[in-house]
Amino acid sequence: MKAAERTAELIAHIQPNPLSEERRKMVSDYVQRLVKKCFSCQVCTFGSVPLKTYLPDGDIDVTAFSHDQNLKDTWANQVRDMLENEEKNQNAEFHVKEVQYIHAKVLYRFLEVFSNFDWDNFCVSFWGPVPISSLPDVTVEPPLKDRGELLLSKLFLGACSSMYAVFPGGQENNGQPFVSKHFNVIDPLRVNNNLGRSVSKGNFFRICSAFGYGAKRLAILLNCPKENLLY
115 MKAAERTAEL IAHIQPNPLS EERRKMVSDY VQRLVKKCFS CQVCTFGSVP LKTYLPDGDI
175 DVTAFSHDQN LKDTWANQVR DMLENEEKNQ NAEFHVKEVQ YIHAKVLYRF LEVFSNFDWD
235 NFCVSFWGPV PISSLPDVTV EPPLKDRGEL LLSKLFLGAC SSMYAVFPGG QENNGQPFVS
295 KHFNVIDPLR VNNNLGRSVS KGNFFRICSA FGYGAKRLAI LLNCPKENLL Y
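Counting the sequence shown from 1 gives a position; this note's numbering is that position plus 114.
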């Protein structure tokens, strides 16, 4: 009975409520107004917010639609400029900060890399690909077949790992080795924990297929002629 009551309390704490609904609506309306000031378009929320499945710290995702084909190469810079100006506005309705403009090519690169990743022989780790055959020794190979350099330095990654690593004393699985499954991702905070251990073989193939499909579709969109974008 106590477990059920505690579970109900936790669900009530994290599930959407009138206050969280109102706050998210205010933020999304604010962002929509800013984007519409840049050019004529329709701005909509999508994902967890309209579905009411968001967590307390969940993102608010929005997308914009416009019939103006001339905006293809300028809309992102216009929105970024608007947000950066709002960041400097002392009288802004909300405090805007850390405006970042991430190209779609970054997402394409992510999908491309992991759709071609050798999941049968390697694990994904914070430091780069780790051969399954080397486990439990976490021996990292160059992350990519290029310069082999990470965006973040080894010194920084090591410092973060040491600061936030989990060392659960007294637990039975504390000394257990990393167990490889179909989808292997080394937990950066606890190297013997496989974050992909619950992924079944069927779901593994679905994930890989989604990576590949996403990469192909995004490549088509990035190189699509203007006259074909409406179809």
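Glycine included, C-beta positions come from ideal geometry on N, C-alpha and C.
On the CB-based measure, 16 or more other CB atoms within 10 Å of its CB, does residue i come out buried or exposed?
i           : result
residue 298 : buried
residue 305 : buried
residue 138 : buried
residue 145 : buried
residue 218 : exposed
residue 308 : buried
residue 200 : buried
residue 225 : buried
residue 148 : buried
Measure the C-alpha to C-alpha separation of residue i and residue j and round it to an integer number of angstroms.
i           : j           : result
residue 268 : residue 243 : 14 angstroms
residue 110 : residue 292 : Missing from the structure shown is residue 110; the chain here goes from 115 to 345 and no further.
residue 295 : residue 313 : 8 angstroms
residue 273 : residue 166 : 37 angstroms
residue 121 : residue 278 : 28 angstroms
residue 157 : residue 141 : 13 angstroms
residue 240 : residue 252 : 11 angstroms
residue 247 : residue 237 : 10 angstroms
residue 329 : residue 311 : 25 angstroms
residue 191 : residue 127 : 39 angstroms
residue 321 : residue 129 : 27 angstroms
residue 123 : residue 317 : 32 angstroms
residue 187 : residue 250 : 48 angstroms
residue 162 : residue 174 : 8 angstroms
residue 300 : residue 170 : 26 angstroms
residue 336 : residue 220 : 12 angstroms
residue 204 : residue 271 : 36 angstroms
residue 245 : residue 303 : 19 angstroms
residue 234 : residue 189 : 41 angstroms
residue 333 : residue 119 : 50 angstroms
Can you name the residues that DSSP bridges to residue i?
i           : result
residue 175 : 160
residue 304 : 301
residue 236 : 245
At least three beta-carbon pairs within less than 8 angstroms, the region 201-221 to the region 165-183 | The answer is no - the region 165-183 does not touch the region 201-221, with fewer than three Cβ pairs under 8 angstroms.
Indicate whether the contact test is met: 3 or more Cβ pairs, each with one atom in the region 183-201 and one in the region 142-156, closer than 8 angstroms.
-> Yes: at least three Cβ pairs fall under 8 angstroms.
The region 321-329 touching the region 229-247, judged by at least three CB pairs closer than 8 angstroms | Result yes; three or more Cβ-Cβ pairs closer than 8 angstroms.
Whole alpha helix (DSSP H) elements within the region 173-222, 4-residue minimum | Runs found: 189-202.
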